[in-house]
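Everything below concerns the one structure shown next.
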Amino acid sequence: MQWKGAIREFKNYLQLEKGLADNSVKAYLRDLNKIAHYFENEELGPLQLNLFRLEKCLRDLQNHGLSTRSQARLISSLRAFYKYLILEDYIDQNPAELLEGPKLDQKLPEYLEEEEVSAMIDSIDRSKPEGMRNVAIFETLYACGLRVSELVGLRLSDLFFKEDLIRVVGKGNKERLVPINSLAQKMIELYRQEVRVHLPIKKGSEDILFLNRRGSALSRAMIFNLVKDAASAAGIRKTISPHTFRHSFATHLVKHGADLRAVQEMLGHESITTTEIYTHLSQQQLRETILKFHPRSKDA
């Protein structure tokens, strides 16, 4: 088996069976083509590689300037690729399984304190129709930890308020049910009854929940601008985006004792490893609190 054919089959698997987004598929293929180029010079196909050869490849790429973060991603792509080859019975052992990745500095995402979330929402002028909509948007972002693409795609038919749930279509068109609190439900209902019902709804947007003044779906860029404006009005100097509400949602849940698996389900993370970042955030805050307020800290 040659690299070109193996990568093509893996691409089909990622798109058709795993349902990954285009950007994720491209990232996998970019990594594998880098490896393919290296071994094609040695006329070695993917089935001829072992742990020793893969380690040598990574060392050589590192010596030619491959960053630690790129190394880590490349190893992840290799492991996934060889798992697929095992699944298809091309091989029976994964030569990438024991590859040791570089240690990465944990980059903690920016998040809002609970008081800052309230300040942003309170800064919105609710006397205007778009203000009522924006309050509902922010309450939904924070209540459910949505990605901005999930928010703008939210539909009336996705609301199950009798069960305190909404249906969310996430990455790879994967659906999940997420709890929504009573305050967010109340703000959505106020928006629907007092604002949305009066809009000239455009064809194709009849089921979209959040609309602009012309009755069309909101863009991601518009949500980004709303967040920036509210942060400025609330006097918040942090660099934030709609995704900051998602980080804040998860951080505050973990801080108050939520089970990490439950947070993983609500966020739609495929791996618990992705969710564990919020444990680090909680631990960091705990450490800072202890160092600041413990009575013995002041005597050092």
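Per the UniProt record's numbering, the very first residue in the sequence shown carries number 1; after that it's consecutive. A virtual CB, placed ideally from N, CA and C, is assigned to each residue, including glycine.
{"query": "Pro-242, enclosing beta strand (DSSP E) - first and last residue", "result": "Element bounds for Pro-242: not the beta strand (DSSP E) but the alpha helix (DSSP H), 242-255."}
{"query": "Cross-strand partners of Phe-160 (DSSP beta bridge)", "result": "Leu-165"}
{"query": "N- and C-terminal bounds of the alpha helix (DSSP H) containing Val-117", "result": "114-122"}
{"query": "Nearest neighbour of Leu-183, chosen from Val-135, Ile-91, Val-168 and Arg-213 [CA to CA]", "result": "Val-135"}
{"query": "Distance between Leu-211 and Arg-296 (C-alpha atoms, nearest Å)", "result": "Since pLDDT at Arg-296 reaches only 48, below the 50 mark, its modelled position is unreliable, and the value read off the structure follows with that caveat. If I take the Cα positions, the gap works out to 55 Å."}
{"query": "Closest residue to Ile-223 among His-269, Val-152, Asp-164 and Phe-161 (Cα-Cα distance)", "result": "Val-152"}
{"query": "Run of the alpha helix (DSSP H) containing Pro-129, from where it starts to where it stops", "result": "129-144"}
{"query": "Sufficient close CB pairs (3 or more, under 8 Å) joining the region 92-102 to the region 217-234", "result": "no"}
{"query": "Proximity below 8 Å, CB of Asp-164 to CB of Pro-179", "result": "yes"}
{"query": "Within 8 Å, strictly: CB atoms of Ile-91 and Tyr-82", "result": "yes"}
{"query": "Extent of the continuous alpha helix (DSSP H) run through Val-227", "result": "220-233"}
{"query": "Closest residue to Ala-27 among Val-195, Gln-71 and Leu-47 (Cα-Cα distance)", "result": "Gln-71"}
{"query": "Counterpart residues of Arg-176 in DSSP-defined beta bridges", "result": "Val-168"}
{"query": "At least three beta-carbon pairs within less than 8 Å, the region 24-44 to the region 106-124", "result": "no"}
{"query": "Cβ contact (3+ pairs, closer than 8 Å) linking the region 119-127 and the region 250-261", "result": "no"}
{"query": "Pick from Met-1, Glu-17, Phe-10 and Glu-9 that is closest to Asn-173, judged by C-alpha positions", "result": "Glu-17"}
{"query": "Assumed close pair Leu-14, Leu-20 - CB separation to whole angstroms, cut-off 8 Å", "result": "5 Å"}
{"query": "Distance between Arg-79 and Ile-7 (C-alpha atoms, nearest Å)", "result": "13 Å"}
{"query": "Endpoints, alpha helix (DSSP H) assigned at Gly-5", "result": "3-12"}
{"query": "Whether Leu-47 touches Ser-77 by CB criterion (8 Å)", "result": "no"}
{"query": "Segment limits, alpha helix (DSSP H) that includes Asn-33", "result": "22-40"}
{"query": "One or two residues paired with Leu-211 in a DSSP bridge", "result": "Ala-217"}
{"query": "Own chain residues within Cβ distance below 8 Å of Arg-73, not counting five before or after", "result": "Ala-27 and Asp-31"}
{"query": "Where the alpha helix (DSSP H) containing Ile-201 begins and where it ends", "result": "Careful: Ile-201 lies outside any alpha helix (DSSP H) and carries neither H nor E."}
{"query": "Neighbour flag for Tyr-13 against chain D, beta carbons, 8 Å", "result": "No chain D appears in the structure shown, which is made up of a single protein chain."}
{"query": "Sequence-distant residues of the same chain with beta carbon closer than 7 Å to Tyr-142, five excluded per side", "result": "Val-117, Phe-245, Ser-248 and Phe-249"}
{"query": "Reduced DSSP secondary structure (H/G/I, E/B, other) of Arg-237", "result": "coil"}
{"query": "Status (buried if at least 16 other CB within 10 Å, exposed otherwise) for His-294", "result": "At His-294, the pLDDT of 47 sits below 50, so the modelled position is not reliable and the matter cannot be decided from this model."}
{"query": "Glu-55 to Arg-155 span [Cα, whole Å]", "result": "48 Å"}
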